[in-house]
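Protein chains: 4
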Amino acid sequence: MIEGTVANEQSKPLAYGMVGGGQGAFIGDVHRKAIALDGLAELRAGCFSRSYENTLITGKVLGLDRERLYTTYEDMAIKEGIRSDKIDFVVIVTPNAQHYSAAKAFLNQGIHVVCDKPLTFEVAEAQELAALAKSKSLLFAVTYTYTGYPIIKHAREMIKSGDIGEIRFINAEYPQEWLATPIEKDGQKQAAWRTNPQLAGKSNCVGDIGSHIENIISYITGLKIKALCARLDSFVSGRQLDDNASILVEYENGSKGLYWSSQIAIGYDNGLRIRIFGTKGSIQWSQENPNYLLVSRLGKPTEIISRGRDNLYPHAQGYSRIPSGHPEGYFEAMANIYKTYITALTKKKAGKPLSEPDLDFPSVEMGIDGVKFIGKCVESSQKGAVWLTY
Amino acid sequence: MIEGTVANEQSKPLAYGMVGGGQGAFIGDVHRKAIALDGLAELRAGCFSRSYENTLITGKVLGLDRERLYTTYEDMAIKEGIRSDKIDFVVIVTPNAQHYSAAKAFLNQGIHVVCDKPLTFEVAEAQELAALAKSKSLLFAVTYTYTGYPIIKHAREMIKSGDIGEIRFINAEYPQEWLATPIEKDGQKQAAWRTNPQLAGKSNCVGDIGSHIENIISYITGLKIKALCARLDSFVSGRQLDDNASILVEYENGSKGLYWSSQIAIGYDNGLRIRIFGTKGSIQWSQENPNYLLVSRLGKPTEIISRGRDNLYPHAQGYSRIPSGHPEGYFEAMANIYKTYITALTKKKAGKPLSEPDLDFPSVEMGIDGVKFIGKCVESSQKGAVWLTY
Amino acid sequence: MIEGTVANEQSKPLAYGMVGGGQGAFIGDVHRKAIALDGLAELRAGCFSRSYENTLITGKVLGLDRERLYTTYEDMAIKEGIRSDKIDFVVIVTPNAQHYSAAKAFLNQGIHVVCDKPLTFEVAEAQELAALAKSKSLLFAVTYTYTGYPIIKHAREMIKSGDIGEIRFINAEYPQEWLATPIEKDGQKQAAWRTNPQLAGKSNCVGDIGSHIENIISYITGLKIKALCARLDSFVSGRQLDDNASILVEYENGSKGLYWSSQIAIGYDNGLRIRIFGTKGSIQWSQENPNYLLVSRLGKPTEIISRGRDNLYPHAQGYSRIPSGHPEGYFEAMANIYKTYITALTKKKAGKPLSEPDLDFPSVEMGIDGVKFIGKCVESSQKGAVWLTY
Amino acid sequence: MIEGTVANEQSKPLAYGMVGGGQGAFIGDVHRKAIALDGLAELRAGCFSRSYENTLITGKVLGLDRERLYTTYEDMAIKEGIRSDKIDFVVIVTPNAQHYSAAKAFLNQGIHVVCDKPLTFEVAEAQELAALAKSKSLLFAVTYTYTGYPIIKHAREMIKSGDIGEIRFINAEYPQEWLATPIEKDGQKQAAWRTNPQLAGKSNCVGDIGSHIENIISYITGLKIKALCARLDSFVSGRQLDDNASILVEYENGSKGLYWSSQIAIGYDNGLRIRIFGTKGSIQWSQENPNYLLVSRLGKPTEIISRGRDNLYPHAQGYSRIPSGHPEGYFEAMANIYKTYITALTKKKAGKPLSEPDLDFPSVEMGIDGVKFIGKCVESSQKGAVWLTY
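What follows is the structure, encoded as structure tokens:
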């Protein structure tokens, strides 16, 4: 084992609030734990559910002041906005349908926002949020969690540095099995909202996980999509939204991509996997074994890069908390996003300038890209899986 | 270790001839060794090269009679056809351009044929060969080698038996790296002919390896393609034919597929991999680790099926030569095709009826399907990666 | 993804202090983050280093009151012991040499203790601590972190339930590469103390990682060692303590074991791996991919059990925080130990009875077993790798 | 795919005979197929069973002349020895008990010998065979099949070249599950003789598979054993011989080893695996995935070396028949041993000198080493798993 440090810890944590994440929800608790890991911010206010009773119970368990437990997020935004000890930022982890209006409410009160993805139903809404945040100089993050893995940041540095040459082709996939049967009919809460267009938006599979593919590829490579051809399937009888999608992509620089996301892929838990092929080499990564990167270079044997051990680029290595061989996982990846966001916010509050590495969290612009991607995929598929330009 | 037998060995091997496979060629020697493994047929005649000198040298090394070494395959077909000890079948392992006329020549002389894939350039040619073989009651095999793996035969039996329910989606790929640079310009012989339309036909990547995907999926599942949308790429500058292909497929029963083949995928040797998802389960197989099959069933942990150990279906188990844990590979897979073909031919010559399992070698109909698939992919891509019905 | 809950969160966190873990140390920060993840306890006091300056800096960064930053742990124990808001428990993460006296100091003041392993240099010391804790009714945990993985708890339940029958043979190993060269001579701080008998005790390799093997096997199987034969090696020239060890073990019930630990195994980061073979089946687990367990049953294919998905035993499943496919790692394993310990302590303070599952954290008795194991291994090796009975 | 050749094929195959390998036996047929693969020798005579009826049936199926089917191997040795067209070499694949006398009979008639392992029951017998072969200038091979894998030959060249520095520690294992239950009582023929001291000799598990560990490590590294301490177990009730063994080894140069072989390791088919750690790097190989070698070098990421692709040493590469990614397996490994042996014998018959690479097949000296190893392990275990010097 090698030496670590107490690096980057702050004496004065920021305050944050949360919308969504009450009893019975899943992802809100993950966000709270991920923030707690580094201790850079503390939960102070919440509107955890449309049920005020749920909010009260959740808030009590979490040790919050009752006066900072709110019946609606609109109310929360207004009342927090006028407190002297108001929350520094809000975390929005509701079903997709509330993202837009909730985010807007807090931005309007001058409160910084972290919002789950997909950001909104429509591109115009996402763009409006971006413009609003910009006009008010507020930091807006979208929690594309997988960008927080140190090895993903290393992959990004590799591509930037030309380690694998010019990118030619990308094959990325995200198979899951959890919707292989119609569990939404059996009262499974998350399945119910994700397959309901009123709550999830235009797409289920592309919206929930296909958009992660779009984001992580964009994050690592910087490539912009020029055109796509998408076929969305609904294999489970009676399901209104897609549960499987095959997408051909063309990027602005002429390179090509192939994306597959699925929720009917029996045998897969959460199989995000990316493969990027360049003129000089390739990289491969699987989210279920996230501490390793396979790197192949022309004429050389494939290498297994291990987080923390094998000379990661310094920016990537800085996101590693523990020596190689001690697995870091999903919580630490999410914590990395919050660590960057909160540190940037702290700097900003202190009037310090923010550099590019300071802003290495998934931005509202990525949120816009995600919404656009979902819309284009749905449109292409509805027209018969035809090519659409961006 | 468990007991084996001397099963299926014959006292009187058949005689075969070969077209192609001279000094400097690669695959012909593999065919010869695969046939020799079981000893059911012996090489007696050959036209190993367009260079008679090469044929003479090769024939001498292989211990053939000089009078059965021929300058052209037309000559060989005619002269062998009239011998009392003529070859029972011919193996055609030339570059693609000669397949059609060579096969035709031997069929016309009443000689059974084994031909490498892709069978011909045009569908009409393949159909003509099929009709000719049928009219003369000759056995015609096309060496789609990967169908010879015992585990693939087990997968086929599983699908037939409904073990994974109705098939919904198939993801299959075949990445290689060997053409990531323009080695055809450096005198690499196989690269030179495979990227030359005069010798390889309409397609390089789909023709050589994409067609293996089409075949093995068809073999395992029995699904027929109804429509496809293919994008063929030529990533290496100056290359006339494709070196990468992404193909969306729809089958007649409504299930869907996604195929990717590539010769620019740095890091991959010969990465044929298939994944088939049904309503009740899924299977996964990788050619580079061919003795194992991953099987996932709804609500159960994924199982690692090992050839020879885990209760394979009897027909599949019959193709295993050695206990589990003793790896069988490419030679044994090819030998399995020849074992079935030669055993069927021996039965046929003895006037015995041939059952369906007797004919479990890749047929001339599969050869036609392959040529059709290649043609449709090229046509779809040339029209802008549009959908074409079959 | 499946639904989660806000289960087990407490409104009133306990208070804890820490000895060791200052600037430049590694593991202390890991403990703090692991505790923070669940938020069940908060750091209130510390003596982070023998350097008071280091303690002051560390304490400031961590936001502690200056009056609760101490120059010595003896001072800390006494002063905390008399505060009305004293810490509920102390975490001891110093080099091995201080464990005994530090733990004793806090026990004497009636403060519960969590101590890193190996617990002490001598068995008598460890027994004294156990007796002291018992006499004062104090909860004492030893941070054998790997017992915190949910899959390990599932393995334990499997063995208890007889899922693999009677245990026959165990093969367990823990290879690392970090001491393959004499980095202790180049100022690497952790290497320096771990290879120094004054600070590390009788053994380096067995003490640091071999003892993890002994512990995790004992934890999972409940087997007691009856005799052992150990060969300890010092492959790096000039090293006083062992850096590699091969250990034959016999258990009281007649089953046998084989342990290997190494710090010179180039290519390994932190390769703890266990394999347990019974009369009806076997299990395999690797710490570097900790969310999966391989289970083989007689006459059946090997299964890949995935944390969170495949019907873990309820007690084990309760330690999973997030759906399968979202990797949990080292921090979450350590957090599980603290979650159990702190929850038990909270119950105890509330006068509630503690059941066996409540006490499922590594106990001081395990600490004694570890010290005994280290001593026996060293003694066996020094006598020529002979058999010693327990 | 890359170009191959018709290299090394001979116009005039040698003649060989076989003792053992009749109907109902397993390994004899594997030897015949492996020899047939390259076609360098042809079967001409046999005594396939103690049952002459079995020999007659087997011989007929294999197309042999009835006059060269013998009732006893003594008879066969004498009668073949005086034929003008006598066999060039004999392959002995009987149960262990017949190896010594059968080999002796053929050597006495001036016939070259290939014999299965373990060579004999007693060291003196093995030494006698070696002396006899030497005095008559006969080539004697022992079929330690695993030395025939191209990647193993590459590993050997790496060690010779100092690629991983000085060897410090070796961990090698060979687990199987096939004897986890008392199948010898249910009439399983191979189990019956392997667990019977009259037929198998002093040891079952060490004799059958532990000796493969000893051999492959000796072959790759050239290290000589100086002392060992072995514990042999019989876990299955009523079994007379060992079914599991743990062995500590010390080599003459001071490096150390740890061997484990088992036939009760449920989940394992044929899991020979070796790991060799040096001062500058390490290598890892698993027989069940034999075309790859993991190579780790100090301070560098682990590399996956693929047979045929990644610049194998020329001598090793020469044993590869087909491009990387096309799996070669057990048959090809065995064929490599015969290819070398028969080529050497052909050269010898032609009066050509034999160089070291010409003799790269497992020798009778390796056979002696194997018998010695088995004897020492049994003796050590019987004395209480004590250390014995060589």
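Protein chains in written order, with the numbering used here: chain F, 74 to 463; chain R, 74 to 463; chain U, 74 to 463; chain Z, 74 to 463. Where a beta carbon is used, it is the ideal one built from N, C-alpha and C, also for glycine. Given the structure is predicted, the values throughout are model-derived calculations rather than measurements.
With DSSP as the reference, label Ile-349 (chain Z) as helix, strand or coil. strand
For Leu-252 (chain R), collect the residues of the same chain with a Cβ closer than 7 Å to its Cβ; drop the 5 residues on either side in sequence, then sort them by chain order. Ala-264, Val-309, Asp-316, Gln-336 and Ile-337
In the DSSP assignment, find the alpha helix (DSSP H) that holds Tyr-324 (chain R) and state where it starts and stops. Not the alpha helix (DSSP H): Tyr-324 (chain R) falls in the beta strand (DSSP E), residues 317-324.
Which of helix, strand or coil DSSP assigns to Glu-361 (chain U): coil
Apart from the five residues just before and just after Met-74 (chain Z), which ones in its own chain have a Cβ nearer than 6 Å to its Cβ? Below a pLDDT of 50, predicted positions are generally treated as unreliable, and Met-74 (chain Z), at 29, falls in that range; the measurement from the model is reported next regardless. Counting only Cβ-Cβ distances below 6 Å, and skipping sequence neighbours, we find Pro-396.
Alpha carbon to alpha carbon, what distance is there between Gly-443 (chain U) and Lys-106 (chain U)? 26 Å
Interface residues of the stretch 370-381 of chain R facing chain U [CB-CB below 9 Å]: Gly-372, Lys-373, Pro-374, Thr-375, Glu-376, Ile-377, Ile-378 and Ser-379
At a CB distance below 8 Å, what residues from the stretch 321-333 of chain F approach chain R? Give them in sequence order. Leu-321, Lys-329, Leu-331 and Trp-333
Using the Cα positions of Gly-136 (chain F) and Leu-427 (chain U), report the straight-line distance between them to the nearest angstrom. 25 Å
Using DSSP with H/G/I as helix, E/B as strand and the rest coil, what is Lys-329 (chain Z)? strand
Under 8 Å, Cβ to Cβ, is there at least one residue of chain F near Arg-312 (chain R)? no
Since Gly-354 (chain U) contacts Val-368 (chain U) with CB under 8 Å, what's their CB separation in whole angstroms? 7 Å
What does DSSP give as the partner residue(s) for Glu-115 (chain U) in the beta ladder? U:Ala-88
Can you tell me whether DSSP reads Glu-405 (chain U) as helix, strand or coil? helix
Only counting the same chain, and skipping five residues up and downstream in sequence, which positions put a Cβ closer than 6 Å to that of Ile-282 (chain Z)? Tyr-247 and Ser-334
Residue-level contact to chain U via CB, Arg-304 (chain Z), 8 Å cutoff: yes
Just the chain A side, please: which residues come within less than 9 Å of Asp-111 (chain Z) by C-beta, in chain order? The structure shown contains no chain A; its protein chains are F, R, U and Z.
Which residues in chain U sit within 8 Å of Tyr-403 (chain F), going by Cβ to Cβ distance? Ile-395, His-399, Pro-400 and Glu-401
Completely contained beta strand (DSSP E) runs for the stretch 190-227 of chain F, where each covers 3 or more residues: 213-215
Between which two residues does the beta strand (DSSP E) holding Glu-306 (chain R) run? According to the sequence shown, residue 306 (chain R) is Asp rather than Glu. Run containing Asp-306 (chain R): 298-306, per the beta strand (DSSP E) assignment.
Helix, strand or coil for Gln-83 (chain R), going by three-state DSSP, please let me know. Its pLDDT being 48, under 50, Gln-83 (chain R) is placed unreliably by the model, and the measurement read from it follows with that caveat. Note: Gln-83 (chain R) maps to coil in three-state DSSP.
With a threshold of 16 other CB atoms inside 10 Å of the CB of Ser-379 (chain Z), please say whether the residue is buried or exposed. buried
Please tell me whether Gly-90 (chain F) has its Cβ less than 8 Å away from any Cβ of chain R. no
Answer yes if the stretch 208-223 of chain F comes into contact with the stretch 429-436 of chain F, meaning at least three C-beta pairs across the two stretches below 8 Å, and no otherwise. yes
So, for Ile-377 (chain R): in the same chain, excluding its five sequence neighbours on each side, which residues have a beta-carbon less than 7 Å away from its beta-carbon? Tyr-365 and Leu-367
Could you spell out where the beta strand (DSSP E) holding Pro-474 (chain U) opens and where it closes? No answer is possible for residue 474 (chain U): the residues shown for chain U start at 74 and end at 463.
How is His-172 (chain R) classed by DSSP in three states: helix, strand or coil? helix
Go ahead and pull the three-state DSSP assignment for Ile-378 (chain F). strand
Does DSSP classify Ser-436 (chain Z) as helix, strand or coil? strand
Using the beta-carbon count (16 or more within 10 Å), is Gln-96 (chain F) buried or exposed? buried
Residues in the same chain with beta-carbon distance under 6 Å from Gln-357 (chain U), minus the five sequence neighbours each way, listed in chain order, please. Arg-348 and Leu-367
Other residues of its chain near Ile-293 (chain Z): CB distance less than 8 Å, five sequence neighbours each side excluded: Ile-225, Ala-228, Arg-229, Ile-232, Ile-347 and Ile-349
Going by other Cβ atoms of all chains shown within 10 Å of its Cβ, with 16 needed for buried, is Tyr-332 (chain U) buried or exposed? buried
Return helix, strand or coil for Tyr-446 (chain U), following the three-state DSSP convention. A quick correction: the sequence has Phe, not Tyr, at residue 446 (chain U). The answer is helix: DSSP assigns Phe-446 (chain U) an H, G or I state.
Quick one: list the residues of chain F neighbouring Gly-274 (chain U), beta-carbon separation under 8 Å, in chain order. Near Gly-274 (chain U) there are no residues of chain F at all, since even the closest Cβ is about 17 Å away, more than 8 Å.
Start-to-end residues for the beta strand (DSSP E) that takes in Val-134 (chain Z): Here Val-134 (chain Z) belongs to no beta strand (DSSP E); instead the alpha helix (DSSP H) covers 125-134.
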